[in-house]
Amino acid sequence: MSTLFESIKEDHEEMYEYHDQYNRARDRDDVDAQARWARQLTWEIARHAVGEEIVVYPLMEKHLGDEGKKLADHDREEHHSVKEQLYKLESLQPGSEEYHTLVTIMMKSLHHHNDDEEIKDLPMLEPIIGEQASKDAALSFKKTKKLVPTRTHPSIPNQPPFETLLGFLEAPIDKIKDYFTSFPTSEEMQGAKEELKHRDHDAAEGRAAATATR
Numbered sequence: 311m312s313t314l315f316e317s318i319k320e321d322h323e324e325m326y327e328y329h330d331q332y333n334r335a336r337d338r339d340d341v342d343a344q345a346r347w348a349r350q351l352t353w354e355i356a357r358h359a360v361g362e363e364i365v366v367y368p369l370m371e372k373h374l375g376d377e378g379k380k381l382a383d384h385d386r387e388e389h390h391s392v393k394e395q396l397y398k399l400e401s402l403q404p405g406s407e408e409y410h411t412l413v414t415i416m417m418k419s420l421h422h423h424n425d426d427e428e429i430k431d432l433p434m435l436e437p438i439i440g441e442q443a444s445k446d447a448a449l450s451f452k453k454t455k456k457l458v459p460t461r462t463h464p465s466i467p468n469q470p471p472f473e474t475l476l477g478f479l480e481a482p483i484d485k486i487k488d489y490f491t492s493f494p495t496s497e498e499m500q501g502a503k504e505e506l507k508h509r510d511h512d513a514a515e516g517r518a519a520a521t522a523t524r
């Protein structure tokens, strides 16, 4: 059974893989593929963000005291910014320069946010709650992702219990919309899954390298 850190990091790797697939589609001027991978990316980010806000951030507030609340509030603010960007993305035309610029800006900020979770938030939380509680939280996180909205809703509160209730009410509507929306084909997803087996982004190492080049 995965720990909370492992489950969160796995999601982060999926985001980076879907973004890479989007960029490759753009390099070959395949607008339809760009749209499919951007939707897959949106789907993953939306579920991941709400799952963290329902399961992970309350744990940080409960077990890390004032510092946990400060970190959780900061993470929620960053989530809200990304949700607004994804919401705007749905109104833009895939393949346009404006669309690509927004995806690039969003992923840059999201990468920084994800690194913070892997370098600071989760390494602080997991030793305090212990391995079993971490695995239980990971299971709750995965279950929650199956029920939460698959599209971004910036107007929904980002703290339980309001987010939980409103998010679950939005989920059935989103799933109907998803049914009529084009996502990557099964063959494309299989190729991405194979690549994911070899991905292992080291957040701390990457940030240290980026700092050294400034």
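Counting in the working numbering, the sequence shown runs from 311 upward without gaps.
For each residue, glycine too, the CB sits at the ideal point set by N, CA and C.
A residue is called buried when at least 16 other Cβ atoms come within 10 angstroms of its Cβ; Q500 does not meet this threshold and is exposed. The C-alpha of F315 is placed about 16 Å away from the C-alpha of H421. Annotated three-state conformation of H373 is helix, per DSSP. In the DSSP annotation of this structure, the continuous segment of the alpha helix (DSSP H) that includes M417 starts and ends at 407–426. With respect to the C-alpha of Q331, the residue from S406, D385, A513, F493 having the closest C-alpha is F493.
The beta-carbon distance between E388 and H358, rounded to whole angstroms, is 13 Å. This is too long to meet the 8 Å contact definition. For D339 and E327, the gap between their C-alpha atoms comes out near 18 Å. Around the beta-carbon of Q344, 16 or more other beta-carbon atoms lie within 10 Å, marking it buried.
For K455, the enclosing alpha helix (DSSP H) stretches over residues 441–455. Membership of I364 in any alpha helix (DSSP H) is not indicated, and neither H nor E is assigned to it by DSSP.
Distance from the CA of V341 to the CA of A335, rounded to the nearest whole angstrom, comes to 7 Å. Between the stretch 439–455 and the stretch 347–361, the count of Cβ pairs shorter than 8 Å is three or higher; the stretches touch. Check the Cα spacing between L369 and each of E428, S444, S496: the tightest is with S444. In terms of Cα proximity to W347, the closest of S496, D512, R509 is S496. Between A513 and E428, the beta carbon gap of about 4 Å places them in contact (Cβ cut-off 8 Å). M325 carries a helical assignment under DSSP once its states are collapsed to helix, strand and coil. If you draw a straight line from the Cα of Q403 to the Cα of L412, it is about 11 Å long. I439 places its beta carbon less than 8 Å from that of H373. Looking only at Y367, T313, A448, the smallest Cα-Cα distance to D431 is reached by Y367.
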